[in-house]
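First to last, the protein sequences are chains H and S. Numbering of the first sequence is given in numbering that gives the first Met the number 0, commencing with residue 0 and proceeding in unit increments. Numbering of the second sequence is given in numbering that gives the first Met the number 0, commencing with residue 0 and proceeding in unit increments. For every residue, glycine included, the Cβ atom is placed at its ideal position computed from N, Cα and C. Bear in mind the structure is a predicted one, so any value in this text is a computation, not a measurement.
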Amino acid sequence: MSSSNDTIKLASTNLLLGRDGRSFARVPDFAVAAGQSVALVGASGSGKTTALMAFAGIRPPTGGAVVIEGVDPWRMSSHARDQLRGRRIGLIFQSFYLVDALSVGANVKLAAQCAGNPLHDPVRLAKLLDLLGLSGVRERRADRISHGQAQRVAVARALMNKPAVVLADEPTSALDDGNTEALLKLLIESAKLEHAALVVATHDRRVLSAVDRVVEMETLS
Amino acid sequence: MNVITLAFAYLRRRWGQALLSVLVGALGVAAVVTVLTAFDALPDAAERSWGGVDLVVGPKGSPLDLVLCCALHVSDPQGLVSEKAAMGAASSPLVRTAAPIALGDNVNGWRIVGTTPAIFAIYHADFAQGDVWTKPLQAVLGAGVARALQFKMGDHFVGAHGLAAGGELHSQFPYKVVGILKPTGSVLDRVVLCDIETVRYIHRKHAEDEANETGVAYTYVNLPDAATAVVASYRTPVAALLVPRLINVNPALTAASPSFEIARLMSYMRPLSYAALALGVLLVIIAAAGGAAALMATMNARTRDLALLRVLGAGPVSIALVAFCEAGMIAVAALIAGGALTWALLAIASRLLLDRAGLLLVPQIDPDTVIYLIGGAIAVAFAAALVPAIRAVRTSMEELLQS
Numbered sequence: 000m001s002s003s004n005d006t007i008k009l010a011s012t013n014l015l016l017g018r019d020g021r022s023f024a025r026v027p028d029f030a031v032a033a034g035q036s037v038a039l040v041g042a043s044g045s046g047k048t049t050a051l052m053a054f055a056g057i058r059p060p061t062g063g064a065v066v067i068e069g070v071d072p073w074r075m076s077s078h079a080r081d082q083l084r085g086r087r088i089g090l091i092f093q094s095f096y097l098v099d100a101l102s103v104g105a106n107v108k109l110a111a112q113c114a115g116n117p118l119h120d121p122v123r124l125a126k127l128l129d130l131l132g133l134s135g136v137r138e139r140r141a142d143r144i145s146h147g148q149a150q151r152v153a154v155a156r157a158l159m160n161k162p163a164v165v166l167a168d169e170p171t172s173a174l175d176d177g178n179t180e181a182l183l184k185l186l187i188e189s190a191k192l193e194h195a196a197l198v199v200a201t202h203d204r205r206v207l208s209a210v211d212r213v214v215e216m217e218t219l220s
Numbered sequence: 000m001n002v003i004t005l006a007f008a009y010l011r012r013r014w015g016q017a018l019l020s021v022l023v024g025a026l027g028v029a030a031v032v033t034v035l036t037a038f039d040a041l042p043d044a045a046e047r048s049w050g051g052v053d054l055v056v057g058p059k060g061s062p063l064d065l066v067l068c069c070a071l072h073v074s075d076p077q078g079l080v081s082e083k084a085a086m087g088a089a090s091s092p093l094v095r096t097a098a099p100i101a102l103g104d105n106v107n108g109w110r111i112v113g114t115t116p117a118i119f120a121i122y123h124a125d126f127a128q129g130d131v132w133t134k135p136l137q138a139v140l141g142a143g144v145a146r147a148l149q150f151k152m153g154d155h156f157v158g159a160h161g162l163a164a165g166g167e168l169h170s171q172f173p174y175k176v177v178g179i180l181k182p183t184g185s186v187l188d189r190v191v192l193c194d195i196e197t198v199r200y201i202h203r204k205h206a207e208d209e210a211n212e213t214g215v216a217y218t219y220v221n222l223p224d225a226a227t228a229v230v231a232s233y234r235t236p237v238a239a240l241l242v243p244r245l246i247n248v249n250p251a252l253t254a255a256s257p258s259f260e261i262a263r264l265m266s267y268m269r270p271l272s273y274a275a276l277a278l279g280v281l282l283v284i285i286a287a288a289g290g291a292a293a294l295m296a297t298m299n300a301r302t303r304d305l306a307l308l309r310v311l312g313a314g315p316v317s318i319a320l321v322a323f324c325e326a327g328m329i330a331v332a333a334l335i336a337g338g339a340l341t342w343a344l345l346a347i348a349s350r351l352l353l354d355r356a357g358l359l360l361v362p363q364i365d366p367d368t369v370i371y372l373i374g375g376a377i378a379v380a381f382a383a384a385l386v387p388a389i390r391a392v393r394t395s396m397e398e399l400l401q402s
């Protein structure tokens with residue numbers, strides 16, 4: 000493998016999405032390297048979230064290929080795919096999905112614990128919390144922090160395992176302009192700092208100017 | 000993934016729901032263990048209650064009544080016998096010790112029993128304080144009576160006529176406490192003992208007074224050695240086959256064996272024991288179903304969180320383990336709380352039985368019961384966690400992302 004290929008973290012080739020063998024959307028071919036960002040755009044129901052699930056090894060595509068750091072998750076066993084998702088992919092949900100029962104620190108650590116990642120160490124956790132301004136609320140329970148703090152916890156959890164790819168699903172849909180700008184800055188800078196590729200699924204046009212590339216979903220008739 | 004930490008954090012987060020599950024489980028455990036233990040311990044408590052009495056000889060009548068009156072002290076006398084005749088009938092080489100008893104008075108509802116010092120040998124009773132009477136109107140208190148009436152050595156009290164509280168007081172005959180017995184677990188704990196001649200004298204005077212008023216002569220006047228019965232202990236178990244049969248030939252006397260009569264009584268009550276057993280089984284089913292339902296509700300509330308763990312890379316086994324661990328923690332907590340509740344219930348029941356019926360309940364929890372309970376609790380926890388675990392493992396990564 001060449002050194003330029005080594006920096007490609009996620010590549011999508013002729014990826015078709017659908018259900019029961021019938022495709023309803025296509026993702027134009029694209030590749031994203033470490034530190035780069037891509038916005039996957041399209042109207043509601045165009046298959047953006049389904050595309051993220053195909054990248055994350057959660058829902059299989061109806062055709063085409065996904066390659067993450069040189070391997071296709073859909074050619075792996077279910078167990079290996081779970082491990083790949085846990086260790087090399089960071090996921091950020093629209094509603095964050097923090098575990099209310101756990102503290103901020105425990106929520107971030109959970110990503111490493113679930114993945115059985117050897118990178119799980121206190122120094123890494125402290126560094127990440129510090130980077131995202133969460134050190135002061137580390138022991139606070141997740142349901143007792145502000146919305147902005149919860150956003151940052153979700154980002155920290157996604158970055159905990161030093162992922163190759165960060166996938167964010169509609170992260171700005173409920174935010175005003177100021178918060179949208181702040182979150183995008185946080186995501187893009189964090190991804191760059193951690194040498195991860197960032198893919199943001201969104202229908203929010205405000206995102207487009209912030210990312211390196213825009214990929215528009217194609218709806219199949 | 001640290002399954003135990005996560006499961007514990009979930010429990011803490013929804014502590015109200017978890018507490019409800021623990022409470023339902025604990026009530027079920029306590030109900031079952033209490034019923035089973037109490038039913039096991041009751042026959043022993045009854046046997047302990049009649050102490051070393053193997054034989055009761057009284058007037059002709061129902062042997063069961065005789066046992067209930069003179070061995071367990073829970074019913075009224077059916078008549079009187081001559082002490083000489085009853086002691087004579089009970090005097091056999093197969094009988095170790097015999098003592099006459101005379102009933103008829105009480106102090107605050109506690110029976111006063113006129114007897115001879117031989118009774119202490121029959122009940123294997125020892126003195127905590129003082130000694131046996133040497134004069135008329137001296138009394139020895141059972142341990143329960145001394146505790147309940149707060150009587151001390153040297154205290155004086157007056158008996159009342161009849162076996163229930165509220166009778167006419169024999170004010171001119173005050174007793175003095177000269178001895179207090181150690182607890183025996185038998186009926187001796189809840190009676191006041193004195194010389195049989197004291198009881199006879201008081202009743203003879205009482206009967207004479209009434210005879211003077213009514214012109215009718217009562218038994219105590221006509222029968223100088225009147226006794227309610229004679230209680231005796233055997234030298235050998237073989238005596239149980241021979242002695243009562245020989246005595247029962249006498250047209251004026253009845254011989255009764257407490258163990259035989261109580262066994263007969265229990266056989267009449269067998270349908271009741273089946274009902275209690277059925278109730279116990281029903282309680283087990285209710286507790287298991289209630290525990291499982293509460294656990295399922297708790298676990299269902301975790302489905303989203305468990306699905307999140309799958310998205311974060313946790314394998315199906317880890318997810319199932321979180322569900323089972325959480326259910327297991329609730330089951331263990333329910334067992335511990337149920338055990339504590341059982342202990343408290345049995346302690347209260349023991350105290351009530353001792354105070355009200357003189358039965359010393361010594362509950363011993365059968366190790367088999369403990370094993371069945373632990374096994375049952377694990378099975379219920381497993382069953383309750385199974386469905387949410389399967390749901391969390393199978394589903395919802397897509398749902399989580401699309402919700």
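Cβ neighbour criterion (16 or more within 10 Å) applied to residue i
i	result
Ala-164/S	exposed
Met-86/S	buried
Arg-25/H	buried
Lys-8/H	buried
Ser-20/S	buried
Asn-211/S	exposed
Arg-301/S	buried
Ser-256/S	buried
Ser-3/H	Any reading at Ser-3/H is ruled out, since the residue's pLDDT is 42, under 50, leaving its predicted position unreliable.
Ser-404/S	What is shown of chain S runs 0 to 402, which leaves residue 404/S out entirely.
Trp-14/S	exposed
Lys-47/H	buried
Met-403/S	Any property of residue 403/S remains undetermined from this structure, which presents chain S solely from 0 to 402.
Between the CA atoms of residue j and residue i - distance to the nearest angstrom
i	j	result
Thr-197/S	Gly-141/S	18 Å
Arg-263/S	Asp-53/S	15 Å
Asp-365/S	Leu-41/S	14 Å
Gly-129/S	Thr-114/S	18 Å
Ala-333/S	Leu-307/S	28 Å
Pro-62/S	Leu-71/S	13 Å
Ser-189/H	Arg-58/H	27 Å
Gln-35/H	Val-321/S	37 Å
Gly-178/S	Leu-162/S	22 Å
Glu-46/S	Pro-236/S	15 Å
Leu-360/S	Pro-250/S	38 Å
Pro-116/S	Ala-98/S	8 Å
Ile-284/S	Gly-27/S	9 Å
Ala-84/S	Thr-368/S	51 Å
Ala-120/S	Ser-91/S	17 Å
Leu-22/S	Ile-329/S	10 Å
Ala-346/S	Asp-81/H	54 Å
Val-112/S	Leu-344/S	33 Å
Ala-348/S	Asp-224/S	41 Å
Ile-318/S	Arg-309/S	7 Å
Phe-92/H	Thr-61/H	24 Å
Proximity to residue i [Cα-Cα], best of the options
i	options	result
Asn-1/S	Leu-174/H, Leu-133/H, Ser-208/H, Gln-112/H	Gln-112/H
Arg-212/H	Val-31/H, His-202/H, Arg-58/H, Thr-12/H	Val-31/H
Leu-79/S	Ala-383/S, Pro-315/S, Thr-227/S	Thr-227/S
Glu-405/S	Leu-305/S, Val-229/S, Ile-389/S	This structure gives no information on residue 405/S, because the portion of chain S shown stretches from 0 to 402.
Val-232/S	Gly-214/S, Ser-258/S, Asn-247/S	As written in the sequence, residue 232/S is Ser, which differs from the Val given in the question. Nearest C-alpha to Ser-232/S: Ser-258/S.
Arg-11/S	Glu-180/H, Val-107/H, Arg-140/H, Ile-187/H	Arg-140/H
Thr-341/S	Leu-353/S, Ala-37/S, Thr-4/S, Trp-14/S	Ala-37/S
Ala-50/H	His-78/H, Val-70/H, Asp-175/H, Asn-13/H	Asn-13/H
Distance between beta carbons of residue j and residue i, contact taken as under 8 Å
i	j	result
Ala-101/S	Arg-203/S	11 Å between Cβ atoms; not a contact.
Arg-151/H	Leu-109/H	About 15 Å; that fails the 8 Å criterion.
Ser-185/S	Gly-50/S	3 Å
Ala-138/S	Val-176/S	6 Å
Pro-173/S	Phe-156/S	7 Å
Gly-158/S	Asp-104/S	4 Å
Val-164/H	Arg-87/H	7 Å
Ala-426/S	Leu-352/S	Nothing can be reported for residue 426/S: it is not among the residues displayed for chain S, which extend from 0 to 402.
Strand pairing of residue i, partner residues [DSSP]
i	result
Pro-58/S	Leu-252/S
Ile-100/S	Ala-228/S
Phe-156/S	Tyr-174/S
Thr-4/S	Answer is none; Thr-4/S lacks a bridge partner.
Minimum Cβ-Cβ distance from residue i to chain C less than 8 Å
i	result
Gln-35/H	The displayed structure is made up of protein chains H and S, and chain C is not among them.
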